[in-house]
Amino acid sequence: MRVLSLSNDQSLFNDQSVASRRLIGYGTIVARLMVVVPNRYDLRHELSDKVEVVGVGGWSKEIIWWRLWKKAGKILSHDNFTLITVQDTYFIALIAWRLARKFRLPLEIQVHGFERFHDVRKFLARFLLPRADGVRVVSQRLKQTLVEDFKVPEGKISVVPIFSDFKCEKIASEISTSDSVFSAKNQDEFIFLTVSRLVKVKKIETQIEALREIRTLHPEAKLWIVGDGPERASLERLVAVMGLQEAVRFWGRQDDLANFYQTADVFILTSDSEGWGLAVIEAGICGLPVLMTDVGLAGEVVITNESGLVVPIGDLGALVANMRLMIEDQNLRQTLASGLNLVIKKLPNKNETLELYRRGWERLLSRNG
């Protein structure tokens, strides 16, 4: 198989990124994988002898999209690719769909989650998804959404969870116990940890509001926020208005996440929407119990009272009650952490995940042969 992929992922130009390592794995199951990515500048970057990333630049989004269409078309004209896959459901997916029609190739659309969208993006997603030859999603929840809300035939959808090669022990062993993360926690403190890009859909403000309430009963409770994004300034203002400067700490973007997972007491996620929830998997690998809203892998991996606690989206009262439960019941925390770790071990490993990708692509080719 020779696969052309269209993606928005800028981290593919970094050899050490998770996405780049994942692509290198794809290279073991195909003859050739070329990924075309909108970028500030034109460039070519080889990740392996089989995997190459091509950046297409321009002065505006519209120019970049036009040049991406032309560049991908030129690649398809000069090489014998067998299918197109795209990690997008909007404008890049539209380009991929037009290319697939022009060159009579099967099209796979990958769906890792949905933003809150409207107008033209909503129209594009509803138009493109049912017209793809195959749709790959990361959770059963997303599959159900595609069938019910986007009218995608169930037979076109394959479910492949995101594989994580996160190694908690290995990374943590390289970090001195005198590191600032370990020294930042006092023995009598109870740390809720969130690891997230700071954007509106993550609803970090809900965690801050819940912390204010829980501290009336448990003043030892604190919140550590790891990550950065456009909402950081407004979240910091909210913390100041609520007088929680000593209880909430913003750590910014961090690479040594194992350090945080092993130091905190509970991982918390309050998103309005998630495709999967990779940070939940990482926390579980490190033995951290999870409290999360009913999104992404909740119901598949995190099951209430078995492998975590799940609360309804936007239910502040339920969130506060379950935060209190986590603080007050150490046995529950241990049971949930053990249950989550057990479920994670049953998820497809790297080789099994790659085999699922290979079978999915071969099914596309056989249906369109």
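Take the sequence shown: its position 17, counted from the start at 1, is 17 in UniProt numbering, and no numbers get skipped.
Quick reminder that beta carbons are idealized off the backbone N, C-alpha and C, glycines included.
Just so it is clear, the structure is predicted and the values come from calculations on it, not from any experiment.
In this structure F163 is buried. Its beta-carbon is surrounded by 16 or more other beta-carbon atoms within 10 angstroms. For M242, the CB contacts under 6 Å within the same chain, skipping 5 residues up- and downstream, are R212 in chain order. Look at A247 here: in three-state DSSP terms it is coil, with no helix or strand label. For G275 and G296, the gap between their C-alpha atoms comes out near 5 Å. The three-state secondary structure of I268, taken from DSSP, is strand. A direct Cα-Cα distance of roughly 6 Å separates L146 from V152. With the rule of 3 Cβ pairs closer than 8 Å, the stretch 256 to 276 counts as touching the stretch 134 to 143. Out of T194, L238 and L198, the CA that lies nearest to the CA of E209 is found in L238. For the pair N8 and Q110, the CB atoms are not nearer than the 8 Å cut-off. Annotation: E154 to K143 spans about 8 Å, alpha carbon to alpha carbon.
The alpha carbon of G58 has as its nearest neighbour, out of K50, F103 and L68, the alpha carbon of L68.
CA-CA distance, S338 to A100, rounds to 46 Å. In the structure shown, the three-state DSSP call for G55 is strand.
Secondary structure remark: continuous alpha helix (DSSP H) runs of at least 4 residues inside the stretch 24 to 85, in chain order: 61 to 78. Per the DSSP secondary-structure output, T304 pairs in a beta bridge with G308. Of Q16, I327, E220 and R249, the smallest CA-CA separation from R232 is found for R249.
The secondary-structure analysis by DSSP pairs E108 across a beta bridge with T85 and G134. Ranked by Cα distance from K346, the options E220, E300 and R215 are led by E300.
Straight across, the Cα-Cα distance linking I29 with F123 is about 34 Å. In the assembly as shown, A31 is an exposed residue. Its beta-carbon has fewer than 16 other beta-carbons within 10 Å.
A contact is defined here as three or more CB-CB pairs under 8 Å, and the stretch 277 to 289 fails this definition with respect to the stretch 125 to 133. One thing to note: S307 has its Cβ within 8 Å of the Cβ of V343.
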